[in-house]
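Before any comments, here is the structure.
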């Protein structure tokens, strides 16, 4: 069952991750770098599971190595390149560097903010194509930098790149609970909200994918989604069937709700796709 579990961050790693930066700034860096990774995955037409794995590896690396050791966008690009390379959907470094050059020149994506950007009549920022043009020299420099960081990521992770995601488990659990036939047509909505919780948790400052196993994340997401959609779950302690104790379920639920306190769940995959569509139509 090792393929269904992940190496988790130790208490020492979580404690020692603090450096000279205030914790709020560290959380912001992780959040926006994860969003950048998500946007890059969409433009590279990578399956969502590969992009999600890249974000998990990104956070794993940052609990081992210094957050300020490299430019954030370069670390994001290196994790995307590494994760795609070991999957069935590899992407060339040329494509990756072009995508990141474009994203970092796009203030409308809220990933970078550059003064002096013009906008059209609808308020959408216009980006000068020359701002994301990569000369051959710039490409070679960026490529070498990404390859160097890739090696450092592998070294920091001990070459352990396996990432088990909770999404397939969550769907399997929902099927086991028979929600698609006994919930008055709410089964699909419950599944959708469950996946949204899991996608949003990828960006959590609490780094939930580094502190909880996939089974616990899947169970917590189902619990929260059922509460939101009004789907009645079994009266018994159903989560124990999925190897999740009550205390662990409660902790996962509290952490996810704490992250989203004051706002609703936003599916990061859908949100970034929407921003890309707006950009393409600008």
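In this note's numbering, the protein residues as written are 322 to 603.
Where is the CB? At the ideal position from N, CA and C, for every residue including glycine.
Item: Helix, strand or coil at residue 361 [DSSP, three-state]; Value: helix
Item: Coil, strand or helix - residue 404 by DSSP; Value: helix
Item: Per-residue burial, residue 468 [other beta carbons within 10 Å of its own, 16 or more giving buried]; Value: exposed
Item: Euclidean distance between Cα positions of residue 540 and residue 565; Value: 7 angstroms
Item: Residue 345, buried or exposed, once every other Cβ within 10 Å from all chains shown has been counted against 16; Value: exposed
Item: Under the three-state DSSP convention, the category residue 546 falls into; Value: helix
Item: Distance between residue 451 and residue 327 (C-alpha atoms, nearest Å); Value: 42 angstroms
Item: Bounding residues of the alpha helix (DSSP H) (the contiguous stretch that carries residue 416); Value: 414-424
Item: Contact belief for residue 354 with residue 396 at Cβ below 8 angstroms, rounded distance in angstroms; Value: 7 angstroms
Item: Endpoints, alpha helix (DSSP H) assigned at residue 518; Value: 508-522
Item: Separation of residue 390 from residue 330, as counted between CA atoms; Value: 19 angstroms
Item: Reference residue 347; option with closest CA among 525, 538, 530; Value: 525
Item: Member of 512, 527, 460 whose CA lies at the smallest distance from the CA of residue 549; Value: 512
Item: Cβ shell of residue 605 (< 6 angstroms), same chain only, five flanking positions each side left out; Value: Shown here, the chain extends from 322 to 603; a query on residue 605 therefore has no answer.
Item: Residue of 532, 343, 490, 453 minimising C-alpha distance to residue 417; Value: 453
Item: Option nearest residue 556 by Cα separation, candidates 414, 464, 498; Value: 498
Item: Sequence-distant residues of the same chain with beta carbon closer than 7 angstroms to residue 399, five excluded per side; Value: 467, 470, 471, 474
Item: Distance between beta carbons of residue 509 and residue 552, contact taken as under 8 angstroms; Value: Contact flag wrong, Cβ pair sits at about 11 angstroms.
Item: CB contact flag (residue 545, residue 560, <7 angstroms); Value: no
Item: For residue 465, three-class secondary structure by DSSP; Value: helix
Item: Buried/exposed call for residue 489, threshold 16 Cβ in 10 Å; Value: exposed
Item: DSSP state of residue 373 mapped onto helix, strand, coil; Value: helix
Item: Limits of the unbroken alpha helix (DSSP H) element including residue 530; Value: 529-532
Item: Where residue 409 falls, given that 16 or more other Cβ within 10 Å makes a residue buried; Value: exposed
Item: Neighbour-count burial assignment, residue 362, 16 or more Cβ in a 10 Å radius; Value: buried
Item: Classification of residue 520 by the beta-carbon crowding that lies within 10 angstroms, buried from 16 upward; Value: buried
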